[in-house]
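Following this line, the structure appears as structure tokens:
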């Protein structure tokens, strides 16, 4: 019985890996941009506002059992990935580079863009 249940739920487990990996990449991009609070807010809202309530509802109210929990987790990760990708695609990357260079100048006392412009 356990083997059959695990075999049946494995496609959902595989799907959550795709969203989870994508969400991790997006989270890394947000952290690199200095947007740790935004990334944390995105993850907290994904798990506790989207995933957990929907997963519990599907598990107990819709009688989906283990499938409901995995669907909730999938929806949470899909939400986090979608919002994160939106944030990445709507970012002004030239402006972000300037912000990073300015931050490096303060941290290190130099501007790497000066060297690049000299060539």
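In my numbering, the protein residues as written are 14 to 132. Virtual Cβ for every residue (Gly too), placed ideally from N, Cα, C. Keep in mind it's a predicted model, so treat the numbers as computed, not measured.
Between residue 25 and residue 45, the alpha-carbon positions lie close to 30 Å from each other.
When Cβ pairs closer than 8 Å are counted between the two stretches, the region 80 to 90 is seen to touch the region 56 to 66, the count reaching three or more. Residue 52 sits away from residue 67, with the two beta carbons spaced by 8 Å or more. At the C-beta level, residue 39 and residue 101 come within 8 Å of one another. Contact annotation: residue 103 and residue 36 have beta-carbon atoms that are not nearer than 8 Å. Residue 83 is a Cβ neighbour of residue 22, given a cutoff of 8 Å. Between residue 97 and residue 43, the C-beta gap is smaller than 8 Å, which places the two residues in contact. Of all alpha-carbon atoms in 105, 41, 29, 119, the one lying nearest the alpha-carbon of residue 64 is that of 29. When DSSP states are grouped into helix, strand and coil, residue 44 belongs to the helix group. In this model, residue 114 and residue 32 are separated by some 31 Å (Cα to Cα).
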